[in-house]
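First comes the structure, then the notes that go with it.
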Amino acid sequence: MPIFINKENNQFHLTNKTVSYIFHVMKNGELGQLYYGKKLNHRPDFSHFAAYHIPTAASCHGEKTDPAFSLETICQEYPVYGTSDFREPAISLRHPNGSSVGKFEYEGFEVIDGKERIPGLPSTFANAGEASTLIIVFFDKLRDLKLKLFYTIFENTACITRHASLENEGEHPVDIERMMSVSLDLSDHDFTMVHLAGAWSRERHVKERKLQTGIQSISSIRGASSHHHNPFMALRRPHTTEMSGEAYSFHFVYSGNFLAQAEVDHYDAVRIQMGIHPFQFNWRLDQGEAFHTPEVVMTYSDQGLNGLTQSTHTLFREHLISPVWQKRERPVLINNWEATYFDFNAEKIVAIAKQAKELGVELFVLDDGWFGKRNDDTSSLGDWLVDKNKLPDGIDALSQSVRNAGLKFGLWFEPEMISEKSDLFSKHPDWVIHDPERPISYGRNQWVLDYTREEVVDYMFERISSIIESAKLSYIKWDMNRNITEAYSAVLGQDRQGELFHRYILGVYDLYERLTSKYPDVLFESCAGGGGRFDAGMLYYAPQAWASDDTDAVERLKIQYGSSFVYPIYSIGSHVSDIPNHQTLRRTSLKARADTAYFGTFGYELDPNKMSEEEKTEVKNQIETYKTHRSLIKTGDFYRLISPFASNETAWMVVSKDQTEAFAGWYQVLAAPSPKKINVLKLAGLDAFSTYHVNGSDQAYGGDELMQRGLPLPVEYNGVNKNQAERGGDFQSNVFHLTKKGD
Ligand code: GLA
């Protein structure tokens, strides 16, 4: 039982094999944070952890009878705005008299074996025996408001999840102006903040900054988690590396506006918060209603950043991704976007599908342009009816032909968008998010549908359902290509516009929920102009994501390296595309492109009919290679070995849980002849007492040797070693399959 409770002193200790999280009820009825880190043995009393860690200063506001008891200096769990703590609060409410002073006092607790889902929101899940949930209940007696804090600790991974709820048991409405999912005070700030930032076509690059006094934050107020900041933040100790040292990470299971911040205060403590962004947020809670925040996953590691990654991957693989898709292999796909853009017909598509089938591809994904009069991006979004000019026999017949060719059939939708030139807009101009008194901004020539309206969700559910059924779809690429501007809904009324962004994403989740529960066998892949909404909220419904519109092998090293901090690599859509690359005009070898794409869900974005016979043979072998290793890629532990942000090389590997097998990728961007005395790649995660064969060769290397001294890399050309050189030129890569000797 991983939750210990010292009842006499109201102390709570969540623990499993690796981590401990301890807090208590303070004398003012609020929660004090006592410890979060490496596992501690349980003890009957942790009171001494609460020692006020600094003397009270004249500026601190303490209690009359105990001036040292000041909220300003004490580590707390969920600080409420209005009294003597001047850091940013976890919760701030506006009461009917205009006051936002709050006071929640401890009422009691409840423990649940397993974990309950959060109404209307994606969240991790667990059966009895896999996790335990602790619910702490508080009450504001003056306002009749009940606050609950939910903590779940998992048995098999170093993760704890948190969220909060507020119930209005009073007679008057209350406005929620800020309600974080997590607030956590740590007593020192000797950390470097790690996060993932970027832009369209350059998503999730790893960024680091040392924590400094004041607030440092990442956020999105675009209505989507965004290309620009991923809803993820880690704190590592200064000497922590990929392989060793202490680190914490915070992952938001949410796809809308978010804020993640670290506030270093005047006593050098740090307050970490993550939740719905309070900017433009205001939720009116009427009598009898409840509000639930989304969930945050907190992970702790004393095994470096790779340790964080592996624990989070385990959690997401086993407790977030739909159970239907946890076990199934993902099909190798081919997508026609870069092969045809809008210019296709049934013959072209079937020809691509037939050729792809011969190469071993399993799923054909028809991209944008199959509906309405969609010959460019200026029209038809919202009208999900086939374009009979392009596909005279309809989408069902095309699907049949592709399936006759031996492939599964999938389709592109952009369900949240509407074009000005569309039948839907003519019928329902008020379904667009806009301020009726002002012009609407364009983004990719389109507008956003008002998903706060139930009838919009119903309409889209009907449209997509009918196509799933008639065209027998196996897969949907759910795209979302612009953010929300002129955020105003015609149906929300004057005092509820602050609910728009959150209600919008609840509408999106509702549609996802209805579609995925009615069609559990349809594989959904989320996409947002590539990776503009790749987050744990989406992963709950869509077990894989289009990681980026940029498929250039060199750019991909950074994108996939960054993405791997959070997302299991089997959820990262990674594809081989044509050269010159459509985003960078760079030319890399077919081998380099596949060697990079193997470490994800594999596929192709090109026209295989344009390839030479040699290239086709190479692709056939690539697909076979991927199929051989995809089960390992799905379930193994991922290790980042060399960072593309730090050097000309990149390396990573996946190791099976039983350490009998591993698959490693090594990449060098620019040629670098004669750079090192010993040209090796140091591996990780192997059994030090076993020996391994590499790529089927007879020679066996010790696991210890491969990790400590390294695997010899092929010899690089240097101008004079013509007879020895095994590689040369820019954009080199190699993959290595290791098998334990005797297995
Ligand atoms: C977005 C997607 C692409 C493609 C286009 C189609 O940019 O990320 O993969 O589907 O839309 O319009």
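Just so you know, we're using my numbering here: the sequence shown kicks off at 294 and counts up by one.
All residues carry an ideal CB built from backbone N, CA and C; glycine is no exception.
Sequence-distant residues of its chain with Cβ nearer than 6 Å to residue i (five each side left out)
i: Gln-1047; result: Absent from the model: residue 1047. The displayed extent of the chain is 294 to 1036, so no value can be given.
i: Ala-846; result: Thr-881, Ala-885, Arg-886, Thr-889
i: Leu-414; result: Pro-587
i: Ser-401; result: It should be pointed out that residue 401 corresponds to Gly in this sequence rather than to Ser. Once the five neighbours on either side are set aside, the close Cβ partners of Gly-401 are Val-430.
i: Val-1028; result: Asp-888, Gly-958
i: Gly-699; result: Lys-650
i: His-306; result: Phe-297, Ile-315, His-335
i: Met-526; result: His-488, Phe-543, Ala-553
i: Asp-843; result: Ser-494, Gln-876
i: Ala-849; result: The sequence given here places Arg at residue 849; Ala does not occur at that position. Within the same chain, Arg-849 has close Cβ partners Thr-889.
i: Val-394; result: Gly-375
i: His-727; result: Ile-733, Glu-779
i: Asn-638; result: Lys-683
i: Ala-944; result: Leu-934, Ile-935, Trp-959, Leu-974
Strand pairing of residue i, partner residues [DSSP]
i: Met-753; result: Partner(s): none; Met-753 has no beta bridge.
i: Glu-1009; result: Arg-1020
i: Ala-490; result: His-498, His-522
i: Val-590; result: Thr-454, His-544
i: Asn-628; result: Val-658
i: Gly-355; result: Ser-363
i: Phe-956; result: Val-947, His-1030
i: Ser-771; result: According to the sequence provided, residue 771 is Trp. The question's Ser does not apply to it. Phe-706, Ser-819.
i: Gly-401; result: Val-430
i: Leu-1004; result: Leu-974
i: Arg-933; result: Trp-945
i: Arg-387; result: Asp-468
i: Ser-672; result: Lys-714
i: Tyr-897; result: Ile-627, Val-869
i: Pro-839; result: Inspection of the sequence shows that residue 839 is occupied by Trp rather than by Pro. DSSP lists Gly-866 as partners of Trp-839.
i: Ile-688; result: Paired residue(s): none; Ile-688 is not in a bridge.
i: Glu-460; result: Lys-439, Ala-583
Extent of the continuous beta strand (DSSP E) to which residue i belongs
i: Lys-503; result: 495-503
i: His-868; result: 865-870
i: Asp-478; result: 467-479
i: Gln-304; result: 304-308
i: Gln-580; result: Neither: Gln-580 is in no beta strand (DSSP E) and is coded neither H nor E.
i: Phe-794; result: First-last for Phe-794: 793-811, but that is the alpha helix (DSSP H), not the beta strand (DSSP E).
i: Met-567; result: 563-569
i: Gln-554; result: 551-557
i: His-922; result: Looking at the DSSP string, His-922 is not in any beta strand (DSSP E); the run it does join, the alpha helix (DSSP H), is 906-928.
i: Thr-984; result: 984-987
Terminal residues of the alpha helix (DSSP H) in which residue i lies
i: Gln-619; result: 616-620
i: Phe-892; result: Phe-892 -> no alpha helix (DSSP H), and no H or E assigned at all.
i: Glu-539; result: Neither: Glu-539 is in no alpha helix (DSSP H) and is coded neither H nor E.
i: Ala-646; result: 639-652
i: Phe-718; result: 716-720
i: Ile-514; result: Segment: none, Ile-514 is in no alpha helix (DSSP H) and carries neither H nor E.
i: Asn-299; result: Note, Asn-299: premise wrong, no alpha helix (DSSP H); beta strand (DSSP E) at 296-299.
i: Tyr-833; result: 829-834
i: Ile-852; result: 846-856
i: Thr-605; result: 597-612
Residues near residue i by beta carbon distance below 7 Å, same chain, minus five either side
i: Thr-633; result: Lys-641
i: Phe-664; result: Ser-673, Asp-676, Trp-677, Leu-678, Val-679, Asp-680
i: Lys-647; result: Ala-698
i: Asp-669; result: Phe-635
i: Ser-841; result: Ser-494, Glu-496, Gly-823, Gly-824, Ile-852
i: Arg-737; result: Asp-670, Asn-774, Arg-775
i: Ser-967; result: Asn-1011
Contact belief for residue i with residue j at Cβ below 8 Å, rounded distance in angstroms
i: Val-499; j: Gly-855; result: 5 Å
i: Pro-412; j: Leu-578; result: That belief does not hold up - the Cβ atoms of Pro-412 and Leu-578 are roughly 14 Å apart, past 8 Å.
i: Ala-644; j: Ile-627; result: So it is not a contact: roughly 12 Å between Cβ atoms.
i: Ile-865; j: Ala-838; result: 7 Å
i: Leu-656; j: Lys-701; result: 4 Å
i: Ala-562; j: His-612; result: Contact flag wrong, Cβ pair sits at about 31 Å.
i: Phe-956; j: His-986; result: Not really, about 13 Å apart at Cβ, beyond 8 Å.
Residue-chain proximity (residue i, chain B), Cβ-Cβ < 8 Å
i: Ala-993; result: Within the model displayed, chain B is absent; a lone protein chain is all it includes.
Own chain residues within Cβ distance below 8 Å of residue i, not counting five before or after
i: Leu-608; result: Thr-417, Phe-447, Thr-450, Cys-452, Val-590, Thr-592
i: Asp-814; result: Val-617, Ser-767
Exercise for the section: Please list, following the chain, all residues that have a C-beta closer than 7 Å to any non-hydrogen atom of the ligand GLA. Expected result: Here the list is Trp-630, Asp-660, Asp-661, Asp-670, Trp-705, Lys-770, Asp-772, Asn-774, Cys-820, Gly-822, Gly-823, Trp-839, Asp-842.
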